[in-house]
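Residue numbers (our numbering): 867 to 1207. All C-beta atoms in this analysis are idealised placements derived from N, C-alpha and C, irrespective of residue type, glycine included.
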């Protein structure tokens, strides 16, 4: 497919977490035509599939901050722009809190918007124990929302609840990334003999609302325990924001052939009643197991727990006292790179 195809959908992974998630997504049959990866660490490209790889050259002795990463990206701006040029829809996927995802995700989104694409941010927020990352994550989330048509927020702590006791830190990160891919792949799946997909337009119709969108996934031991699986997903959402704020939702159920129309109808009806009579779209995949999996995308949240991560924004909300433009910095000795822009 030509990079200039105006109907193409592009997923861009930014930073380590973003590259891993997009790489895993590329292994599924999805409504995504192209993939791209942007990082300051070449090791992030080691296991990624086909797609544009953009490496930002960083001095090994330099401690990276979001502003320095943005400054160093000057030399690859045209390469990034070419990766998203011609797309109708661009998903910018990043873990927020670290230097690369925090610094570049809003910038990449801004560049994609200037290419006339519909841009959706997918923000993976830090675990609760990663308190040192909170401020950067909160600031970047606000900037990402401003630079996109909509943002899907993934809460790592709610995804971690299915981890085994005693899991290592590496296993927890892998599990969280895998769960994020599971729910994203469900929502963006193509039509098949065993599925009734949601469709890209319905997903976008849900995400492109005021405020933020949240993702959750939950499972029950059997198909008959539909309400149990649905309740788990709703509880996960409620840990991040008020369920009563929901205006739109997408529900995707995965099970085996015993997943009946009555199961689906019950889940859709119950979700609407719990979430403020929200408009609910739905999809089904019958290629699963006897265990029921519920993937939930809910939108319309005006506030989330992440508002507390960026206290200055909360204090001065509505007042013209903060310059919200993104800062750029370059390590000493590399100031000449400014002429490359």
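Among the options, nearest to residue i - alpha-carbon criterion
i, options, result
"residue 1017", "1078, 936, 1157, 1173", "1078"
"residue 936", "974, 948, 915", "974"
"residue 874", "1033, 1165, 953, 1052", "953"
"residue 992", "1005, 1011, 967, 962", "962"
"residue 907", "1121, 967, 1137", "967"
"residue 1082", "1051, 911, 893", "1051"
"residue 862", "1120, 927, 910", "This structure gives no information on residue 862, because the portion of the chain shown stretches from 867 to 1207."
"residue 979", "951, 997, 1005, 1006", "951"
"residue 1096", "925, 1159, 976", "1159"
As assigned by DSSP and simplified to three states, the class of residue i
i, result
"residue 899", "coil"
"residue 1001", "helix"
"residue 1064", "coil"
"residue 1035", "helix"
"residue 1164", "strand"
"residue 1070", "helix"
"residue 1118", "strand"
"residue 919", "strand"
"residue 1186", "Confidence at residue 1186 is low in this model, with a pLDDT of 46, below 50, so the placement of that residue should be treated as unreliable; the coordinate-derived value is given next. Looking at residue 1186 - three-state DSSP - the assignment turns out to be coil, as it is neither helix nor strand."
"residue 1106", "coil"
"residue 1049", "helix"
"residue 1139", "helix"
Residue i classed as buried or exposed, judged by whether at least 16 other C-beta atoms fall within 10 angstroms
i, result
"residue 944", "exposed"
"residue 1186", "Legend: pLDDT at residue 1186 = 46, less than 50; position of this residue unreliable, value from coordinates given subsequently. So residue 1186 counts as exposed."
"residue 1264", "Limits of the chain in this structure are 867 at one end and 1207 at the other, which puts residue 1264 out of reach."
"residue 1092", "buried"
Alpha-carbon spacing of residue i relative to residue j, whole angstroms
i, j, result
"residue 1024", "residue 983", "31 Å"
"residue 956", "residue 891", "14 Å"
"residue 1003", "residue 1124", "42 Å"
"residue 960", "residue 883", "6 Å"
"residue 987", "residue 1107", "18 Å"
"residue 1074", "residue 972", "17 Å"
"residue 1001", "residue 1178", "10 Å"
"residue 985", "residue 933", "22 Å"
"residue 1027", "residue 990", "16 Å"
"residue 1072", "residue 1137", "15 Å"
"residue 1126", "residue 1111", "30 Å"
"residue 1086", "residue 1064", "21 Å"
"residue 931", "residue 994", "21 Å"
"residue 942", "residue 1059", "42 Å"
Bridge-paired residues (DSSP) for residue i
i, result
"residue 1081", "1163"
"residue 1158", "1086"
"residue 904", "880, 920"
"residue 987", "958, 1017"
"residue 1151", "1061, 1120"
"residue 875", "955"
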